[in-house]
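Asks: Read in the UniProt record's numbering, the sequence shown has 141 at position 141, and its numbers run on one by one without any break. Glycine included, each C-beta is placed from N, C-alpha and C at the ideal position. Pasting a structure below so you can have a look.
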Amino acid sequence: MATLQQIAFQAGCSLATVSRVLNGEGPASDEMVRRVRRAAAELGYRPATSTARGTSRSSPVVGVLVPSVTNPVFAASLAGIQHRMHAAGHGVLIAQSNYDPSLEAKAVSALLEQRPTGLILTLCNAQTSEVLSAALPPTVLLNNLPVPRFAAAVTVDNHRAGREITRHVLQSGHARILYVSGHFASSDRARLRYEGYRAAMKETGLAPLESVEIRFVDGYEHLELTTAIERHRPTAIIASNDLLALGVISALRREGLSVPGDVSVAGFDGIAIGRLMSPSLTTMTMPDGDMGVAAAAMLLDIAENASQSRHLRLGHRLYVGETVQQLR
């Protein structure tokens, strides 16, 4: 097996630099990181791995952080990541933040204790990446736009998706459209979708309504829309994700309102239960499983082949269900 000395010779740097790059424990320029990783890959170097208790581990692992393992969106992404990593002989370690930005640094630190080959992170807000450990292995953002520190990312265009689904609701004859979301501090995806909603409303000459924000973790079951309905009297509601859209439908029924007879509802993500329910949910379908596969492939390419970081944006599509009524 290749040694650190051989890697240093081929990369044209010191042994200390090789150690810093491969262990993620010190500063190194982007160019030097690429040279060391490329040399390590060409020489077939595989670092020794160990668990927190010091026992040997037969295969390398990657760490993955998501807001929730129970949300079907992130479950689909995790399945894609595990499928690609399994094919590459890597295990997957999973941590969740529960949509709490203050827990993200601690969760990442727990993953780092297992000495992962790299990280795939879905952060509440990519701007909070600055509070993470200074020394990180190769990292890919999933669902977050790239930032200077993390240039590698796999996303969809959430702003465009928000604009397109709002246009669909507008074209169905609705003008009083309310946006219901989890707290924007917990999801920059929800914020970008709201900004797309605002853009579409303004294009039509309509004033966008202020968003109704709730907790992601337990807000769905206890969603209360009485005040918002009385104040705005919306004919349609766009929810920032499909699970919340289901919560909106339940809340409307508790108010004695039917969907779509009294109020139309649309969401984002395209989870299976939305298509199975009656009436079927109108939603913007996201390629969550494919995004997980793409993030895993990108991470392997960066970690093992010293590839350049890049931003990959996948497509989305409108699923026209039955929860948006055409108004005359």
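(1) Answer with buried or exposed for Gly89, where buried requires no fewer than 16 other C-beta atoms within 10 angstroms of its C-beta.
(2) Starting from Tyr194, trace the beta strand (DSSP E) both ways and give me its first and last residue.
(3) Could you compute how far the alpha carbon of Glu117 sits from the alpha carbon of Pro138?
(4) Rounded to whole angstroms, how far is the Cβ of His174 from the Cβ of Ser264, which I believe are closer than 8 Å?
(5) Under 6 Å Cβ to Cβ from Ile94, same chain only, skipping five residues before and after it: list those, please.
(6) What residues in its chain sit with their C-beta under 7 Å from that of Ile238, if we drop five residues either side in the sequence?
(7) Mind checking which residues open and close the beta strand (DSSP E) that includes Met284?
(8) Between the C-alpha atoms of His232 and Ala207, what's the straight-line distance to the nearest angstrom?
(9) Is it buried or exposed for His222, if we count other Cβ within 10 angstroms and need 16 for buried?
(10) Exposed or buried, Glu304, counting other C-beta atoms within 10 Å across all chains shown (16 or more means buried)?
(11) Tell me whether the stretch 124-144 and the stretch 275-284 touch, counting them as touching only if at least three CB pairs, one residue from each stretch, are closer than 8 Å.
(12) So, Gly162 versus Phe268, is the Cβ gap smaller than 9 Å?
(13) Please report how far the alpha carbon of Tyr220 lies from the alpha carbon of Ser250, in whole angstroms.
(14) Just to confirm the assignment: which complete alpha helix (DSSP H) runs, minimum length 4, are found wholly within the stretch 80-119?
(15) I need the straight-line Cα distance from Gly91 to Arg84, nearest angstrom please.
(16) Starting from Phe9, follow the alpha helix (DSSP H) in both directions and report where the run begins and ends.
(17) For Arg215, count neighbouring C-beta atoms within 10 Å of its own C-beta (all shown protein chains included) and say buried if the count is 16 or more, exposed if not.
(18) What residues in its chain sit with their C-beta under 6 Å from that of Glu213, if we drop five residues either side in the sequence?
(19) What would DSSP say about Arg53, mapped onto helix, strand or coil?
(20) Report all residues from its chain with a CB closer than 8 Å to the CB of Ala151; omit the five preceding and five following residues, and keep chain order.
(21) Return the CA-CA distance between Leu314 and Ser211, expressed in angstroms with no decimal places.
(22) For the beta strand (DSSP E) that His311 lies in, which residues bound it at each end?
(23) Quick one: Cα of Glu224 to Cα of Thr323, how far?
(24) In angstroms, rounded to a whole number, what distance separates the CA positions of Pro234 and Ser280?
(25) Comparing alpha-carbon positions, which option in Leu119, Glu113, Ala236, Pro146 lies nearest Gln127?
(26) Cutting at 6 Å between CB atoms, please list the residues of its own chain near Val33, excluding the five before and the five after it.
(27) Report the residue ranges of all beta strand (DSSP E) runs contained in full by the stretch 203-287; include only those spanning at least 3 residues, in chain order.
(28) Within a Cβ cutoff of 8 Å, which residues of the same chain sit near Arg53, ignoring the five residues on either side of it in sequence?
(29) So, Pro67 versus Ser186, is the Cβ gap smaller than 9 Å?
(30) Starting from Ser19, follow the alpha helix (DSSP H) in both directions and report where the run begins and ends.
(31) Could you check which residue in Asp157, Gln114, Leu243 has the C-alpha nearest to that of Tyr194?
(32) Could you say which of Ala297, Tyr319, Val320 lies nearest to Leu119 if we only look at CA atoms?
(33) Decide if Gly259 is buried, meaning its Cβ has at least 16 other Cβ atoms within 10 Å, or exposed.
(34) Residues in the same chain with beta-carbon distance under 8 Å from Ser107, minus the five sequence neighbours each way, listed in chain order, please.
Replies: Checking against the coordinates, here is how it stands:
(1) exposed
(2) First-last for Tyr194: 188-203, but that is the alpha helix (DSSP H), not the beta strand (DSSP E).
(3) Note on residue identity: the sequence assigns Thr, not Glu, to residue 117. Cα to Cα, Thr117 sits roughly 7 Å from Pro138.
(4) 6 Å
(5) Val64
(6) Ile165, Thr166, Val169, Ile177, Tyr179, Tyr197, Ala266
(7) 282-285
(8) 12 Å
(9) exposed
(10) buried
(11) no
(12) yes
(13) 9 Å
(14) 101-112
(15) 10 Å
(16) 4-11
(17) exposed
(18) Ser181, His183
(19) Legend: pLDDT at Arg53 = 47, less than 50; position of this residue unreliable, no value from coordinates given.
(20) Ser309, Arg310, His311
(21) 27 Å
(22) 311-314
(23) 20 Å
(24) 20 Å
(25) Pro146
(26) Val21
(27) 212-214, 236-239, 264-269, 282-285
(28) Only weak support is given to the placement of Arg53: the predicted model assigns it a pLDDT of 47, under 50, and the question is left unresolved by the model.
(29) yes
(30) 15-23
(31) Asp157
(32) Ala297
(33) The question names Gly, but residue 259 is Val in the sequence shown. It counts as buried.
(34) Looking at the sequence itself, residue 107 is Ala, so the reference to Ser does not match. Excluding residues within five positions, the ones whose Cβ falls inside 8 Å are Leu65, Ala95, Gln96, Ser97.
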